[in-house]
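Novice:
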Amino acid sequence: MSETPVASRPARRSWRDLDLRAVAPFVALAALILFGASLNPNFVSVDNLLNVLSRSAFIAIIAVGATFVISAGGLDLSVGSMSAFVAGTMILFINAAPVGGDVALIALAMTMALVTGALCGLANGLFVTLGRLEPFIVTLGTMGIFRALTVWLAEGGSIAVRSQEVRAAYRPVYFGELWGVPAPVIVILVVALLGAVILNRTAFGRHVIAVGSNEEVARYSGIPVGRVRTLTYVIQGVCVAIAVLVYVPRLGSATATTGLMWELQAITAVVIGGTALRGGVGRIWGTVCGALILELIGNIMVLSDLVSEYLIGAVQGAIIIVAMLVQRALSRGR
Amino acid sequence: MSAPAPVLEARGLSKSFGGIEVLRGIDLTLMPGEVHAVIGENGAGKSTLMKLLSGHLAPSGGEIRLDGARVAFAGPVAAEALGIVLVHQEILLAPDLTVAQNIYLGREIRRGPFVDDPTMNAGAAEAVAALGAALDPRIAVRRLSIAQRQLVQIARALLGTRRVVIFDEPTASLTPRETEALLGVIREIRAGGAAVLYISHRLPEVKAIADQVTVLRDGALVTTRAAAGLDPHAMAELMVGRDVSKLYPDRAPPETAAPVLEVEDFDVPGFVSGARFRLGRGEILGFAGLVGAGRTELMEGIAGLRPGRGRLRLRGAPVRFHDARESQRAGVVYLSEDRKGKGLLLGQDLTVNLTLAALARFTRAGLVDRGREAAALDRAIADFDIRARSRALDAGQLSGGNQQKLLLAKMMLLEPEVVIIDEPTRGIDIGTKEQIYRWIAALAASGKSVIVVSSEMPELIGICDRVLVMRGGRIVGELAGARMTETEIAVLATGASEKEAAMMAESA
Numbered sequence: 001m002s003e004t005p006v007a008s009r010p011a012r013r014s015w016r017d018l019d020l021r022a023v024a025p026f027v028a029l030a031a032l033i034l035f036g037a038s039l040n041p042n043f044v045s046v047d048n049l050l051n052v053l054s055r056s057a058f059i060a061i062i063a064v065g066a067t068f069v070i071s072a073g074g075l076d077l078s079v080g081s082m083s084a085f086v087a088g089t090m091i092l093f094i095n096a097a098p099v100g101g102d103v104a105l106i107a108l109a110m111t112m113a114l115v116t117g118a119l120c121g122l123a124n125g126l127f128v129t130l131g132r133l134e135p136f137i138v139t140l141g142t143m144g145i146f147r148a149l150t151v152w153l154a155e156g157g158s159i160a161v162r163s164q165e166v167r168a169a170y171r172p173v174y175f176g177e178l179w180g181v182p183a184p185v186i187v188i189l190v191v192a193l194l195g196a197v198i199l200n201r202t203a204f205g206r207h208v209i210a211v212g213s214n215e216e217v218a219r220y221s222g223i224p225v226g227r228v229r230t231l232t233y234v235i236q237g238v239c240v241a242i243a244v245l246v247y248v249p250r251l252g253s254a255t256a257t258t259g260l261m262w263e264l265q266a267i268t269a270v271v272i273g274g275t276a277l278r279g280g281v282g283r284i285w286g287t288v289c290g291a292l293i294l295e296l297i298g299n300i301m302v303l304s305d306l307v308s309e310y311l312i313g314a315v316q317g318a319i320i321i322v323a324m325l326v327q328r329a330l331s332r333g334r
Numbered sequence: 001m002s003a004p005a006p007v008l009e010a011r012g013l014s015k016s017f018g019g020i021e022v023l024r025g026i027d028l029t030l031m032p033g034e035v036h037a038v039i040g041e042n043g044a045g046k047s048t049l050m051k052l053l054s055g056h057l058a059p060s061g062g063e064i065r066l067d068g069a070r071v072a073f074a075g076p077v078a079a080e081a082l083g084i085v086l087v088h089q090e091i092l093l094a095p096d097l098t099v100a101q102n103i104y105l106g107r108e109i110r111r112g113p114f115v116d117d118p119t120m121n122a123g124a125a126e127a128v129a130a131l132g133a134a135l136d137p138r139i140a141v142r143r144l145s146i147a148q149r150q151l152v153q154i155a156r157a158l159l160g161t162r163r164v165v166i167f168d169e170p171t172a173s174l175t176p177r178e179t180e181a182l183l184g185v186i187r188e189i190r191a192g193g194a195a196v197l198y199i200s201h202r203l204p205e206v207k208a209i210a211d212q213v214t215v216l217r218d219g220a221l222v223t224t225r226a227a228a229g230l231d232p233h234a235m236a237e238l239m240v241g242r243d244v245s246k247l248y249p250d251r252a253p254p255e256t257a258a259p260v261l262e263v264e265d266f267d268v269p270g271f272v273s274g275a276r277f278r279l280g281r282g283e284i285l286g287f288a289g290l291v292g293a294g295r296t297e298l299m300e301g302i303a304g305l306r307p308g309r310g311r312l313r314l315r316g317a318p319v320r321f322h323d324a325r326e327s328q329r330a331g332v333v334y335l336s337e338d339r340k341g342k343g344l345l346l347g348q349d350l351t352v353n354l355t356l357a358a359l360a361r362f363t364r365a366g367l368v369d370r371g372r373e374a375a376a377l378d379r380a381i382a383d384f385d386i387r388a389r390s391r392a393l394d395a396g397q398l399s400g401g402n403q404q405k406l407l408l409a410k411m412m413l414l415e416p417e418v419v420i421i422d423e424p425t426r427g428i429d430i431g432t433k434e435q436i437y438r439w440i441a442a443l444a445a446s447g448k449s450v451i452v453v454s455s456e457m458p459e460l461i462g463i464c465d466r467v468l469v470m471r472g473g474r475i476v477g478e479l480a481g482a483r484m485t486e487t488e489i490a491v492l493a494t495g496a497s498e499k500e501a502a503m504m505a506e507s508a
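Here is the structure:
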């Protein structure tokens, strides 16, 4: 009986609600590219676009991890500091190891960086779940800790890869190409593809969304809520480490300012991409799109004299607010 | 009492929520200096009636008259301005503010631009003293006991001129002594010439305080009578008596039921102590009791959703569940009464909800097999008669009945042996109720064991083989066969017989 009033309105909602919100970031990206093209023809050159993509790699990769954390209803503010810390320890490891067998050394350093990232994430996750603390507080704390540890390890200066041979051997991971595609772009694609499969196709991914939607329902459904939450932070840590693997060959050093404000950019990318900050909705490709939008805005501002490039931060800040307003309008009271 | 004119009247008052009528054609006359009790089962419409009379809800039909003139309240504030106030069942106070700050919240006395604390503290102390209590108005509400908070709430409600005071189950969280003090307060309000509308489940209390008693059942008025001519037994009969023979499936209880689940000395700290029962194979066991009797907490304790202590045996083997995952794996599933908060992900689609608990059965090589999920949804829609205009709907867009069916389908994917269903038909229309009853009976007939927790007594009597009654965290009685009547359940659940005697002795 209670179904009769709704039956007259067929499935229009799913079309609007689902598709529009998922598509919105891509529409915004396309509009941005058209806008950029109208300002400066060089903007749409393949070189420029690939360059933008490459430079968005760090934020895009970190933001893929952040998509897991946020769609499970969590938050990680420590990713920027964690990047600096993982980069610093990785370079120290490279410097301390006996030189010789560069490829093996780099592979070992990479493994160590991944483990370090995973452990940092695990620490965040355990404080949140076992410690029953607010993710905001925990990661605010570890943000300070990771940053200070980096500065301390660098003795206030920078940690640089000393061996020129290792530098040379590691260089291609950022500057290399495969079939004309820059290495960072390949890394983005691989990480996003893996992330999308895990979030959308595995039972774990389903559990992440369930925990973010309603933790109580998840608990009553027999889902190990604590384990799921902790693992999202571990995934975040691993993504940070992957970003560092691409970052280190670019500059070859870690300093007190490495990864500064990356946490905010990552969160911005996730939210622009259509993931709900309150959890329960996660869109990996939207996130990658969000990271691209952020980088494109910077690029457009540099290529045109529309707005001073000193105002990039202001424009990015405005973008996140507008993106949220659009999401709100599209979701219509949900 | 017939000489004065009625202060508040309801004439043909009705209320519908989304096409479902929860209250229809209520006539009620409230005289000054009178305590008028409204009694009825859970869901009978008592709280809705109170909210209509106090301006918290607007009626869908009928009218409210104050001093003979028709009124329409814009909201609770407007009703309060006219001297009608509702004392809520829940404590609605700011815990960090002081007693005086709470009493004057939103109507602070000012001196110039500043609040006048000395005057308010004095006023609050006076208001509390008028209720026969002594509280320092400057201490934070957080530091008060529940009963003291209730007093503060009542003091807040009574501040200013009051013509009608409505109490919604004010004694639900009070001890007998505190209850007696509150009844004294109510007598004083009555003596002051105000009218009191009093809702309660506790029939002896109603007997002790009320002048008139109105009985509601299924949203309609059954009768209004002088309390003098009613005893708690008669009230319980009026509350529950109805013919429901067609609603429930025919059922032959299993002859020799081998115990599947045995519970001994089971405690859920703060809620349940010393629970002990056995559930047989193919049996439907009912749990009756008032809200707050500890039924849900006991079931959640058994299913590992809440910390519990005691002995559990499943098919003779001792078991202990730390979370729902463990109990579900062992074949015990619990379906929460709180479908929206604990049962379903309202913002996710039907498929995600259906397979959530049993997702391991739908994965192949680590990936969720969407084809099998879709097939499972087809089966669930057919088996449970889930009516959705589209498969892409979110669970939150289903009606209550279809949500319940989806929750049943979800939990049955776990292929459980013991199914605990809490309030299986709350907020569900009568047609779906019948389907759910038939489905529960079929489940038991197929050899599964079922526990039904319900506040609807006819439902328990209609489908259960035995009924256990809980009161105050304990199992106080077992009813089966001819003794399984609504009156017997109500007497056990409210403790009517004992307290009745106590109250009688006191007033004599």
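Chains as they are written, first to last, in the UniProt record's numbering: chain A, 1 to 334; chain B, 1 to 508. Beta carbons: idealized from backbone N, C-alpha and C, even for Gly.
Against chain A, with Cβ distances strictly below 8 Å, would glutamine 404/B count as a contact?
Specialist: Not one chain A Cβ lies under 8 Å of glutamine 404/B.
Novice: Using a Cβ-Cβ cut-off of 8 Å, state whether serine 16/B counts as contacting chain A.
Specialist: Not an interface residue.
Novice: Select from Asp47/A, Val64/A, Val44/A and Phe58/A the residue whose C-alpha is nearest the C-alpha of glycine 286/A.
Specialist: Of Asp47/A, Val64/A, Val44/A and Phe58/A, the residue nearest in Cα terms is Val64/A.
Novice: DSSP state of proline 259/B, grouped into three classes?
Specialist: It is a strand residue.
Novice: So which residues of chain A does valine 368/B contact, with C-beta pairs closer than 9 Å?
Specialist: What valine 368/B touches in chain A: Asn200, Arg201, Thr202, Ala203, Gly205 and Arg206.
Novice: If we ignore side chains and look at the alpha-carbon of each, how far apart do alanine 444/B and glutamine 403/B end up?
Specialist: Going from the Cα of alanine 444/B to the Cα of glutamine 403/B covers about 22 Å.
Novice: First and last residue of the beta strand (DSSP E) that includes residue 338/A?
Specialist: With chain A covering only 1 through 334, there is no way to say anything about residue 338/A.
Novice: Quick one, are the C-beta atoms of arginine 278/B and glutamate 262/B less than 8 Å apart?
Specialist: Yes.
Novice: From the beta carbon of serine 158/A, is the nearest beta carbon of chain B less than 8 Å away?
Specialist: Answer no: the Cβ-Cβ gap between serine 158/A and chain B never drops below 8 Å.
Novice: Please report how far the alpha carbon of alanine 97/A lies from the alpha carbon of leucine 260/A, in whole angstroms.
Specialist: Roughly 28 Å separates the two Cα atoms.
Novice: In its own chain, which residues sit with a C-beta less than 6 Å from the C-beta of leucine 151/B, not counting the 5 before and 5 after it?
Specialist: The answer, listed in chain order, is Leu131 and Ala133.
Novice: Taking the alpha-carbon of leucine 245/A as reference, which of Val281/A, Ala57/A, Val128/A and Glu215/A has the nearest alpha-carbon?
Specialist: That would be Ala57/A, whose Cα lies nearest to the Cα of leucine 245/A.
Novice: Taking C-beta pairs closer than 9 Å, name the residues in chain A that threonine 363/B reaches, listed in chain order.
Specialist: Chain A residues near threonine 363/B: Thr202 and Ala203.
Novice: So what does DSSP say about methionine 470/B, is it helix, strand or coil?
Specialist: Of the three classes helix, strand and coil, the one that applies to methionine 470/B here is strand, per DSSP.
Novice: Step through the CB atoms of chain B and report whether any lies within less than 8 Å of the CB of glycine 74/A.
Specialist: No, because no Cβ of chain B sits closer than 8 Å to the Cβ of glycine 74/A.
Novice: Which residues of the region 213-243 of chain A have a Cβ closer than 7 Å to any Cβ of chain B? Give them in chain order.
Specialist: Those would be Ser213, Asn214, Glu216, Val217, Arg219, Tyr220, Ser221, Gly222 and Pro224, in chain order.
Novice: Just to confirm the assignment, what range does the beta strand (DSSP E) spanning leucine 52/B have?
Specialist: That residue, leucine 52/B, is in no beta strand (DSSP E); its alpha helix (DSSP H) goes 46-53.
Novice: Which residues in chain A sit within 9 Å of alanine 257/B, going by Cβ to Cβ distance?
Specialist: By Cβ distance, chain A contributes nothing, its closest Cβ being about 27 Å from alanine 257/B, past 9 Å.
Novice: Helix, strand or coil: how does DSSP classify threonine 129/A here?
Specialist: Three-state DSSP puts threonine 129/A in a helix.
Novice: Determine the burial state of alanine 314/A: buried for a count of at least 16 other Cβ atoms within 10 Å of its Cβ, exposed for fewer.
Specialist: It is exposed - the Cβ of alanine 314/A has fewer than 16 other Cβ atoms within 10 Å.
Novice: On a CA-only basis, which of Trp262/A, Ile312/A, Leu325/A and Glu295/A is nearest leucine 29/A? Give me that one, please.
Specialist: Checked all of Trp262/A, Ile312/A, Leu325/A and Glu295/A; the closest Cα to leucine 29/A is Glu295/A.
Novice: Please confirm if lysine 342/B has its CB atom under 8 Å from at least one CB of chain A.
Specialist: Yes, its Cβ sits closer than 8 Å to a Cβ of chain A.
Novice: Measuring only the C-alpha atoms, how far is alanine 154/A from asparagine 299/A?
Specialist: Taking the straight line from one Cα to the other gives about 31 Å.
Novice: Select from the region 265-283 of chain A all residues with a C-beta closer than 7 Å to any C-beta belonging to chain B, and list them in chain order.
Specialist: Cβ contacts with chain B come from Gly280.
Novice: Could you tell me whether the Cβ atoms of isoleucine 64/B and leucine 53/B are closer together than 8 Å?
Specialist: Their beta carbons are under 8 Å apart, which means isoleucine 64/B touches leucine 53/B by this criterion.
Novice: Does the structure place the region 183-201 of chain A close enough to the region 61-78 of chain A that three or more beta carbon pairs sit under 8 Å?
Specialist: Yes: at least three Cβ pairs fall under 8 Å.
Novice: Taking Cβ-Cβ distances shorter than 7 Å, what residues in chain A pair up with leucine 345/B?
Specialist: Per Cβ cutoff of 7 Å: Ala210, Ser213, Asn214 and Val217.
Novice: Do glycine 462/B and tyrosine 248/B have their beta-carbon atoms positioned less than 8 Å apart in this structure?
Specialist: Cβ distance < 8 Å, so tyrosine 248/B and glycine 462/B count as in contact.
Novice: Grouping DSSP H, G and I as helix and E and B as strand, with all else coil, what is phenylalanine 73/B?
Specialist: Coil at phenylalanine 73/B, not helix or strand.
Novice: Mapping DSSP to helix, strand and coil, what is serine 54/A?
Specialist: Three-state DSSP puts serine 54/A in a helix.
Novice: Could you name the residues that DSSP lists as bridge partners for valine 271/A?
Specialist: None, per the DSSP bridge assignment.
Novice: Between which two residues does the beta strand (DSSP E) harbouring lysine 15/B extend?
Specialist: Unbroken beta strand (DSSP E) run through lysine 15/B: 8-17.
Novice: For the putative contact between aspartate 211/B and glutamate 90/B, defined by C-beta atoms under 8 Å, what is the C-beta separation to the nearest angstrom?
Specialist: Not a contact, Cβ separation roughly 27 Å.
Novice: Alpha carbon to alpha carbon, what distance is there between arginine 474/B and alanine 275/B?
Specialist: Distance between the alpha carbons of alanine 275/B and arginine 474/B: 6 Å.
Novice: Would a check of beta-carbon distances place valine 352/B closer than 8 Å to chain A?
Specialist: Answer yes: the Cβ-Cβ gap between valine 352/B and chain A drops below 8 Å somewhere.
Novice: Quick check on threonine 432/B: does DSSP put it in helix, strand or coil?
Specialist: Note: threonine 432/B maps to helix in three-state DSSP.
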